[in-house]
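As they're listed, the protein sequences go chains A and B. When the letters of the first sequence are read in order and numbered with the working numbering, they come out as residues 3 to 145. When the letters of the second sequence are read in order and numbered with the working numbering, they come out as residues 3 to 145. The structure appears below as structure tokens.
2 protein chains.
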Amino acid sequence: MSGLADSNTDSLAQRLADSGLRATPQREIVYDVLLHKRDHPTADQVFTRVKENLPGISLATVYNCLETLVSCGLVRQVNLEREPTRYCPNLRPHAHFHDEKSGATHDIDLPPGLLDRVKSVLPLGYEASAVEITFRGKTKATR
Amino acid sequence: MSGLADSNTDSLAQRLADSGLRATPQREIVYDVLLHKRDHPTADQVFTRVKENLPGISLATVYNCLETLVSCGLVRQVNLEREPTRYCPNLRPHAHFHDEKSGATHDIDLPPGLLDRVKSVLPLGYEASAVEITFRGKTKATR
DNA sequence: GCTCGAATTGGAATAATTCCAATTAGAAGG
DNA sequence: CCTTCTAATTGGAATTATTCCAATTCGAGC
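Okay, here's the thing in structure tokens:
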């Protein structure tokens, strides 16, 4: 179904190795699924997609793999309101825009310096390891 | 236990009336609890606190009241990771800082203009009705 | 006092996620 | 290649926050 996975798979294997973890088929396919369609799927959606290539995988494993990918820094978790957690392989600094009409989530790339500007509002003594910016609203057809 | 509630209660009654809703004792006490200790409690924590004054209240009602307060704009919901939703009566523009060590959430007031600056990164056609900024990290004793 | 819709209540239902014990797989060493 | 030993996976049960629902209660206006 593709021939695109190898360089990704390699960086995956590398990252996993760095954390003392193994590159299993399950982890590779879960990661490929995230890279292949970047629509911020839920764990369930990832499960459905992965099953096409690996029918025997279990949902628990999908959760495990996602957790592993997050913990070695290849994937970000996105939480919106009370909805199920979504997963995002975009590692560039970006915000999320949640379209209230369609429910879709879009990445919004951030200009360099913006995150620093935002962090600069923190009072002395606050050290942020991560900043999340989330928009909610509507998208208009630009026309 | 206090004498501070009336002006709050009045604005509550007003806001509720504006939305065609009634100011019930349950709603008033839930709102007072939020105003009185602004530590971003969960629904369960609100439930516990409200029961001190209104022992017969049910958890379902607490959820209903919180939902009502949110929908008439007096309270904001704060979602962090997968944790239970927290509730915040601070209506000034502010971000949230989630202390990874203590689990506490602090409000960070935002300077005027910052939210507009952040919104300005949105491409044409994106209209944000709300922006949320969340920090995660550690707080150091300033000394 | 009555009426009638709104609000509250308790308990059942739902849904995402985590937990756990048992099995399987794979790398390293012999 | 076989064995070993740990990490990973699996299925199902358990957990937890939240929502749903049907029945009751409340209260403002007549």
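Glycine is no exception: its CB is placed at the ideal position from the N, C-alpha and C atoms.
- Within the DSSP bridge table, the entry for B/Glu-129 names A/Lys-140 as partners.
- Counting C-beta pairs closer than 8 Å gives three or more between the stretch 94 to 110 of chain A and the stretch 133 to 144 of chain A, which meets the contact rule.
- Interface annotation, B/Pro-113: in contact with chain A, CB-CB separation under 8 Å.
- Within a 10 Å sphere around the beta-carbon of A/Glu-54 sit fewer than 16 other beta-carbons, which makes this residue exposed.
- Under the three-state reduction of DSSP output, B/Cys-90 falls in the strand class.
- When rounded, the separation of the alpha-carbon atoms in A/Val-64 and A/Val-32 is 7 Å.
- The alpha-carbon separation between B/His-42 and A/Arg-29 amounts to approximately 37 Å.
- In chain A, no part has a C-beta under 7 Å from the C-beta of B/Tyr-89; the shortest such distance is about 13 Å.
- In this structure, A/Asn-81 places its C-beta atom within 8 Å of the C-beta atom of B/Arg-84.
- A residue is called buried once 16 or more other Cβ atoms fall within 10 Å of its Cβ, and A/Asp-34 is buried on that count.
- Separation of the CB atoms of B/Glu-129 and A/Gly-139 is rounded to 5 Å, and the pair is thereby assigned contact status at 8 Å.
- The beta carbons of B/Leu-76 and B/Leu-14 sit about 7 Å from each other, so the pair counts as a contact at 8 Å.
- Contacts between B/Thr-141 and chain A, judged by CB atoms closer than 8 Å, involve Gly-127, Tyr-128 and Glu-129 in chain order.
- Residue-level contact by beta carbon holds for B/Leu-124 and chain A, with a gap shorter than 8 Å.
- B/Asp-109 carries a strand assignment under DSSP once its states are collapsed to helix, strand and coil.
- In this structure, the alpha-carbon of A/Phe-49 lies about 19 Å from that of A/Ala-106.
- Per DSSP, the unbroken beta strand (DSSP E) holding A/Asp-101 starts and ends at 96 to 101.
- Within the stretch 31 to 63 of chain A, no residue has a Cβ lying closer than 8 Å to any Cβ of chain B.
- Nearest neighbour of B/Gln-79 by Cα position, chosen from B/Leu-56, B/Ser-60 and B/Thr-44, turns out to be B/Thr-44.
- With at least 16 other beta carbons inside 10 angstroms of its own, B/Arg-88 counts as buried.
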